[in-house]
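What follows is a single structure, written as C-alpha cells, with notes after it.
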C-alpha cells in the first residue's frame, strides 16, 4: 500500500531510485542473482536460522561486543570501537540517502519497474517469522521504514564486520568464529531477500577501511601477557615501531608527563619492566587520553 507522503524529506528533493544497478552488478560480478538462488528453497528451519543473526543477534551484538571489549581490551579500546562503529553507520546511511537502490524484495515484487518514494517497505522473508510466531513485529517495522531504498551498502554486513574485526583484534584465536558469524549473516540477508551480495561486500569494505584506519592511528595494541583491562600499566599505539606511542594506565586515565614513563624504546617498554630508560633513547609523544569506563 503506497504512502501518501514520504516522511522527513520531500520526494522532490530526493535523488532518483536506482532499480537496475544492483541486479546488473550482481550479474557482472557473480554471474547470477545470488539472493534469488539462496532464497529459492524455503523451509521453517532455514527461516529460523536466517532470522537469528538478522533479526536478533544483529541488534544485541554491539552491546555484547562492548562488554567484552571493556573487560578484556586495553584502556581506550571501547571508545575507539564506539566511534568507529558510529562513523561506519553514519557514512553508510549517507550513502543510502544519496545513492538509493532497491533491494531484492523489490525486484521480486515489482520486477525492474521504476520505483518511487511512495512505495512502502517490506519485511520480505521476515514476514514468515511473523506468521510463524503469530506477531507483526517485522511486518509493521519494515513497512513503516523511513529508508526503504537503503540497500547499498548493507549495514547489517557492515556492523557484523566491524564487530568481527574488533573481536578478532582482542581474541585472534577465535577469528574463525567471528568470520563464520559474518558469513552466516551474509547468507541470512540474501536468503531473506533484504540485500544483494554486492551490498554485503560494500558494507564489509566500508567497515574494513574504518577499522584499519582506527587500528593504525587510535587503537591500543594488545599485550599477550595481559588478560583484563586492569592488568595494563601502559598502552601502545601504532602499527610500526617508529609510530608507537606510550601512556601510563592509571586509575583515573592514561597518565602522561612523567619522562620516566613516556620516554623509552619499544623493547624496554614492551618487556613489562616499566623501568626508566636511558636519556640517549628517543622520546615518544605524550599521550593524554582518558580511560574508557
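Numbering (the numbering used here), first residue to last: 34 to 326. Here a beta-carbon is modelled for each residue, glycine too, at the ideal position from N, C-alpha and C.
Contacts around residue i, its chain only, beta-carbon distance under 7 Å, and the 5 residues preceding and following it disregarded
{"i": "residue 285", "result": "Any answer about residue 285 is weak, because its pLDDT of 41 lies below 50 and its placement is not dependable; what the coordinates show is given next. Around residue 285: no qualifying Cβ."}
{"i": "residue 102", "result": "110, 111, 114, 199, 203"}
{"i": "residue 216", "result": "none"}
{"i": "residue 188", "result": "122, 125, 236"}
{"i": "residue 96", "result": "none"}
{"i": "residue 120", "result": "243"}
Residue i vs residue j beta-carbon contact at 9 Å
{"i": "residue 186", "j": "residue 128", "result": "yes"}
{"i": "residue 63", "j": "residue 218", "result": "no"}
{"i": "residue 221", "j": "residue 99", "result": "no"}
{"i": "residue 154", "j": "residue 192", "result": "no"}
{"i": "residue 225", "j": "residue 165", "result": "no"}
{"i": "residue 134", "j": "residue 70", "result": "no"}
{"i": "residue 136", "j": "residue 184", "result": "yes"}
{"i": "residue 116", "j": "residue 270", "result": "no"}
Alpha-carbon to alpha-carbon, residue j and residue i
{"i": "residue 305", "j": "residue 238", "result": "Low per-residue confidence applies at residue 305: pLDDT is 42, beneath 50, and the placement is therefore not dependable, though the value from the model is reported in the following sentence. Approximately 36 Å between the Cα atoms of the pair."}
{"i": "residue 243", "j": "residue 75", "result": "36 Å"}
{"i": "residue 253", "j": "residue 125", "result": "25 Å"}
{"i": "residue 261", "j": "residue 104", "result": "6 Å"}
{"i": "residue 138", "j": "residue 248", "result": "37 Å"}
{"i": "residue 131", "j": "residue 177", "result": "20 Å"}
{"i": "residue 142", "j": "residue 223", "result": "15 Å"}
{"i": "residue 263", "j": "residue 106", "result": "9 Å"}
{"i": "residue 148", "j": "residue 213", "result": "35 Å"}
{"i": "residue 201", "j": "residue 211", "result": "7 Å"}
{"i": "residue 171", "j": "residue 258", "result": "45 Å"}
{"i": "residue 53", "j": "residue 59", "result": "10 Å"}
{"i": "residue 206", "j": "residue 89", "result": "25 Å"}
{"i": "residue 234", "j": "residue 190", "result": "8 Å"}
{"i": "residue 168", "j": "residue 80", "result": "15 Å"}
{"i": "residue 173", "j": "residue 61", "result": "35 Å"}
{"i": "residue 85", "j": "residue 78", "result": "11 Å"}
{"i": "residue 320", "j": "residue 68", "result": "Residue placement at residue 320 is flagged as unreliable, the pLDDT there being 40, under the threshold of 50; the coordinate-derived value follows with that caveat. For residue 320 and residue 68, the distance between alpha carbons rounds to 48 Å."}
Contacting residues, own chain, Cβ-Cβ under 8 Å from residue i (five flanking each side not counted)
{"i": "residue 56", "result": "66, 140, 145, 229"}
{"i": "residue 241", "result": "194, 198"}
{"i": "residue 94", "result": "192, 193, 196"}
{"i": "residue 175", "result": "154, 155, 156, 157, 159"}
8 Å contact criterion, which residue i and residue j should meet: CB distance rounded
{"i": "residue 268", "j": "residue 108", "result": "6 Å"}
{"i": "residue 227", "j": "residue 157", "result": "6 Å"}
{"i": "residue 162", "j": "residue 181", "result": "Actually they are not in contact, since the Cβ atoms of residue 162 and residue 181 sit about 19 Å apart, beyond 8 Å."}
{"i": "residue 265", "j": "residue 256", "result": "7 Å"}
Neighbourhood of residue i by C-beta distance below 6 Å, restricted to the same chain and skipping five residues each side
{"i": "residue 118", "result": "195"}
{"i": "residue 208", "result": "201"}
Cutoff 9 Å: residue i Cβ touching any chain B Cβ
{"i": "residue 236", "result": "Among the chains in the structure shown there is no chain B, since it carries only a single protein chain."}
Those runs of the alpha helix (DSSP H) which lie wholly inside the segment 214-280 and span at least 4 residues: 230-250
Sequence ranges, alpha helix (DSSP H) only - wholly within the segment 45-90, length at least 4: 54-63, 67-71, 77-84
Length-filtered (4 minimum) alpha helix (DSSP H) runs lying within the segment 142-168: 159-166
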